[in-house]
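Some notes on the structure that comes next.
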Amino acid sequence: MTTLHWQPEFALQQPRMDRTHLEFIELLGATETAAPGEATDAALRALLAHTEAHFEQEERWMTQLGFANENCHSMQHASVLQVLREVMRRHGLAADAALVRYLVAALAEWFPVHATMMDAALAMTMAERGFDPETGTLLQPLAADAEAMTGCGGSACG
Ligand SMILES: [Fe+2]
Ligand SMILES: [Fe+2]
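Taking our numbering, the leading residue of the sequence shown gets 2, the next gets one more, and so forth.
Below, the structure is given as structure tokens:
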């Protein structure tokens, strides 16, 4: 039994985002249950590659929607990637199962909060603006003179 499971509240009515999040949960579970050593290294590599693509995808959507590059959602992504890369680097030097357990527990705690606040705010902005993530088209573009959005659109964010 892995630590993080799909919960109904993770569904954000944004199929591509939901699919990516389900894959993240599966890869986190695969990391948790991988045999120590090389299998864990491989699982961490797969998790990192997927997470890089996952975050790039959301950040591309935010750019297309008019968010500033330095918004709090993207900054949180950057912190998570930094931790993931550091754990992978250290695990590559000396397999450390306790470190990986710590990472899995931390990500399992982080993801539900991130998904239901920051990703949910992004999904809501996408829906409100009629944004199609497959084509990048917007039914309601920002006015040409509008300021870039520096927050993430979440309730905890100014
Ligand atoms: Fe996400
Ligand atoms: Fe996100």
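Even glycine gets a Cβ: it sits at the ideal position worked out from N, Cα and C.
Quick caveat: nothing in here was measured; it's all calculated off a predicted structure.
- Taking the Cα of Val81 as reference, the smallest distance to any Cα among Gln58, Phe112 and Arg102 is reached at Phe112.
- Sequence-distant Cβ neighbours of Val105 in its own chain, meaning closer than 7 angstroms and more than five residues away, are Thr4, Leu29, Thr32 and Glu33.
- In this structure, Cys153 and His74 form a Cβ contact; the two beta carbons are roughly 4 angstroms apart against a cut-off of 8 angstroms.
- When DSSP states are grouped into helix, strand and coil, Leu29 belongs to the helix group.
- The beta carbons of His6 and Leu45 sit about 20 angstroms from each other, so the pair does not count as a contact at 8 angstroms.
- At a Cβ-Cβ threshold of 9 angstroms, Gly67 and Ala128 do not count as neighbours.
- In terms of Cα proximity to Ala98, the closest of Glu135, Glu24 and Glu39 is Glu39.
- Contact annotation: Gln77 and Pro134 have beta-carbon atoms that are not nearer than 9 angstroms.
- Taking the Cβ of Asp120 as the reference point, at least one heavy atom of ligand 2 falls within a distance shorter than 8 angstroms.
- Following the DSSP letters along the chain, one finds Ala43 inside the alpha helix (DSSP H) bounded by residues Glu39 to Leu66.
- Its Cα nearest to that of Arg90, the residue Ala43 stands out among Asn72, Gln65, Arg130 and Ala43.
- In the DSSP assignment, Met127 falls within the unbroken alpha helix (DSSP H) covering Ala121 to Glu129.
- Scanning its chain for C-beta atoms nearer than 8 angstroms, with the 5 sequence neighbours on each side dropped, one finds around Arg17 the residues Gln58, Pro134 and Glu135, in chain order.
- For Leu45, the shortest C-beta to heavy atom distance toward ligand 2 is 8 angstroms or greater.
- For Glu59, the distance from the CB to the nearest heavy atom of ligand 1 is below 8 angstroms.
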